[in-house]
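Heads up: the sequence shown is residues -18 to -1, 1 to 307, going by mature numbering (1 follows the signal peptide of the UniProt record, and there is no 0). Inspection log for the structure reproduced underneath, given as C-alpha cells.
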Amino acid sequence: MKFSILASLVSLVSLAFATPNPLPGGSSVVVRDPTIMYNPSLGKYFVFSTGGGIQIFTSTSLSGPWTSEGSVLPNCSIINNPGNCNLWAPDINILYNAYVLYYSVSALGSQNSAIGLATSWTMEPGTWTDWGAVITSSSGAIYNAIDGNVINSNGIWLQFGSYWNGIFQVPLLNASTASAPPPGTHLAGYNGRPAEGGFLYKPPSSQYYFMFFSDGITPLQGATSRPPAGKEYKVLVGRGTSVNGPFYGQLGNDITLNLDPPTGTLVLGSHDNIYAPGGQSIYHDPVSGRDIIVYHYVPNDAFGGPSYLGINYLDFSSGWPVVVS
Ligand SMILES: *[C@@H]1O[C@H](CO)[C@@H](O)[C@H](O)[C@H]1NC(C)=O
Ligand SMILES: *[C@@H]1O[C@H](CO)[C@@H](O)[C@H](O)[C@H]1NC(C)=O
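Next up, the structure:
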C-alpha cells in the first residue's frame, strides 16, 4: 500500500515534469528550421521552411492540418551565389507594415554565404519580391552570414551566424540594409561551439530578452549513426535586459563563454519519440495570446529520415521559458 502510494506520487511528479509532445498535425509535415506567422485577414498561419525557394505551409489552426502551398522564391534568389535555388533558414517578421522574410544562401560547410530579404503584403505564394543580399560573408571571416533573425525593439536588429565563432548582431537601417558592417556584436557561441539558428525574442509578458539557439549536432536526412548521447541538437537560451546582450544562462554564465558544461539553459531536448529538436523560432500567437516554439525534430523511431514540424506552447512566468501543454 505504502509502496503503491509512493509509486503513484512518483508517477505524478514525473508527469508534472514530463515534456509535452508537439501539438498534433505536424508529424507528417517535413520541415527544417521552421518559422511561423499568422495573417489575420486570411485567418491562416504560414509556416516557412528550408529547401527550394523556401517552402510554404498553411493552416487555419496550430494543430493543422497543414497544406503545402509552393514556395516564396520558386525561381531562385537573385543573389548570385552557389545554392541560390536551395534557400535555408527562413525568418518571418513584420516591418514597415509588410511581411519580411530573411533567407540564407550558402552550402554545407561553406562561408561563401549571404542573408537575403523577400517581402510580401500577404505571404501567399506568387506575392513575394526579392530584394537580394542584406549581408554577406566569405571564407576566413569569423562569422557566417546565415540563419538571419530580426527583432524590432529599440531599433531594428539582425541576428545571424552559425558555427564558426557563433551568433552576432548588426543594426539595420531599413529592412534591406545593415547600418554597420558585420560581424557587429557577439551574442552567443564561440570558436568551435556549434551554436546555430539564433532567435532573439522578448515576450510581451517579460522585461527580459531571450536569446534562443540550437546547440550540438543536427542529424541530416540519410544519417546512419547518432552523435554521442546528449551531443545531439537541443534548444538552449540565455537571458538579458538589453536587446544587444549580454545574455546569461540560469547559472549566471554569459552564453559567449567556452565552459563545460556548455553555457545556456535547456529549453527543449530529446524526449519520447522527439530526437534532436532545433532550428527553432518563437512567436506570440495572436489567436491564443500565448507564446509558442516552432522547431524541427527527427522521430526516434525513424532516424535517418527527414525532420518534421514541432509546435509547443511556452510559459515564461517563472522568468525562463518552459515547454507546457
Ligand atoms: C517563375 O518563372 C516562370 C517562367 O519564367 C514565370 O511564369 C513565373 O511567373 C515565375 N514565378 C514567380 C513567382 O516569379
Ligand atoms: C534601404 O535604404 C537603402 C539606402 O538608402 C535603399 O537603397 C533601399 O532601397 C532601402 N530599402 C528599402 C526596403 O526601402
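In this text, a Cβ means the ideal position worked out from N, Cα and C, and glycines have one as well.
{"Check": "So, at 7 angstroms on beta carbons, what are the nonlocal neighbours of Leu(-10) in its own chain, with the 5 sequence-adjacent residues on each side left out?", "Outcome": "Low per-residue confidence applies at Leu(-10): pLDDT is 47, beneath 50, and the placement is therefore not dependable, though the value from the model is reported in the following sentence. No residues qualify anywhere along the chain."}
{"Check": "Need the endpoints of the beta strand (DSSP E) that Trp139 sits in, please.", "Outcome": "Ile138 to Phe142"}
{"Check": "Hey, Asn134 and Tyr172: beta-carbon distance below 8 angstroms or not?", "Outcome": "no"}
{"Check": "With a threshold of 8 angstroms on Cβ separation, who are the neighbours of Trp103 within its own chain once the five nearest residues in sequence on each side are excluded?", "Outcome": "Ala80, Tyr81 and Thr109"}
{"Check": "Using a 10 Å radius around the Cβ and a threshold of 16 neighbouring Cβ atoms, would you call Val306 buried or exposed?", "Outcome": "exposed"}
{"Check": "What does a CB cutoff of less than 6 angstroms around Asn75 pick up in its chain, not counting 5 residues either side in sequence?", "Outcome": "Val82 and Val132"}
{"Check": "Quick check on DSSP: helix, strand or coil for Ala284?", "Outcome": "helix"}
{"Check": "Would Gln189 be called buried (16 or more neighbouring beta carbons within 10 Å of its own) or exposed?", "Outcome": "exposed"}
{"Check": "If we ignore side chains and look at the alpha-carbon of each, how far apart do Val(-6) and Thr1 end up?", "Outcome": "Note that Val(-6) scores 47 on pLDDT, short of 50, meaning its location in the model is unreliable and no value can be drawn from it."}
{"Check": "Could you spell out where the beta strand (DSSP E) holding residue 320 opens and where it closes?", "Outcome": "Residue 320 lies beyond the range of the chain shown here (-18 to 307); nothing can be said about it."}
{"Check": "So residue 309 is in the beta strand (DSSP E); what residue range does that whole segment cover?", "Outcome": "This structure cannot settle anything about residue 309, because the visible part of the chain is limited to -18 through 307."}
{"Check": "Starting from the C-beta of Thr167, find all residues in its chain whose C-beta is less than 7 angstroms away, skip the five residues before and the five after it, and write them out in chain order.", "Outcome": "Phe150, Gln151, Asn226 and Gly227"}
{"Check": "Straight-line CA distance for Ser50 to Phe30?", "Outcome": "10 angstroms"}
{"Check": "Closer than 7 angstroms: is that where the CB of Gly108 sits relative to any heavy atom of ligand 1?", "Outcome": "yes"}
{"Check": "In three-state DSSP terms, what is Val304?", "Outcome": "strand"}
{"Check": "Where do the N-terminal and C-terminal ends of the beta strand (DSSP E) with Met193 fall, by residue?", "Outcome": "Tyr191 to Asp197"}
{"Check": "Residues in the same chain with beta-carbon distance under 7 angstroms from Ala123, minus the five sequence neighbours each way, listed in chain order, please.", "Outcome": "Gln93"}
{"Check": "Can you tell me which of the three DSSP states Phe298 falls into?", "Outcome": "coil"}
{"Check": "Span of the beta strand (DSSP E) holding Phe229?", "Outcome": "Where Phe229 is concerned, there is no enclosing beta strand (DSSP E), given that its DSSP letter is neither H nor E."}
{"Check": "With hydrogens ignored, establish whether the beta-carbon of Ala157 is closer than 7 angstroms to any heavy atom of ligand 2.", "Outcome": "yes"}
{"Check": "Based on the DSSP secondary-structure assignment, which residues constitute the bridge partners of Asn153?", "Outcome": "In the sequence on display, residue 153 carries Pro and not Asn. Answer is Trp139, bridged to Pro153."}
{"Check": "Can you tell me where the beta strand (DSSP E) holding Ile133 begins and where it ends?", "Outcome": "Asn131 to Asn134"}
{"Check": "Assuming Asn294 and Pro4 form a contact by the criterion Cβ under 8 angstroms, report the distance between their Cβ atoms to the nearest whole angstrom.", "Outcome": "6 angstroms"}
{"Check": "At a threshold of 7 angstroms, does Trp70 count as lining ligand 2 (C-beta to nearest heavy atom)?", "Outcome": "no"}
{"Check": "Mind checking which residues open and close the beta strand (DSSP E) that includes His253?", "Outcome": "His253 -> no beta strand (DSSP E), and no H or E assigned at all."}
{"Check": "Would you grab the beta carbon distance between Ala100 and Thr111 for me? Rounded to a whole angstrom, and I think it's under 8 angstroms.", "Outcome": "6 angstroms"}
{"Check": "On the criterion of 16 or more Cβ atoms from any shown chain inside 10 Å, does Tyr78 qualify as buried, or is it exposed?", "Outcome": "exposed"}
{"Check": "Would you mind reading off the limits of the beta strand (DSSP E) that contains Gly180?", "Outcome": "Glu178 to Tyr183"}
{"Check": "Which one of Pro16, Ser88 and Arg208 has the shortest CA to CA distance from Thr32?", "Outcome": "Pro16"}
{"Check": "Compute the Euclidean distance between the alpha carbons of Pro201 and Gly52, then round it to the nearest angstrom.", "Outcome": "25 angstroms"}
{"Check": "Just to confirm my understanding: we take Thr245, look at its own chain, exclude 5 residues before and 5 after, and list those with CB closer than 6 angstroms. What are they?", "Outcome": "Gly231, Asn235, Ile237 and Leu239"}
{"Check": "What residues are listed by DSSP as bridge partners for Leu55?", "Outcome": "None; Leu55 has no bridge partner."}
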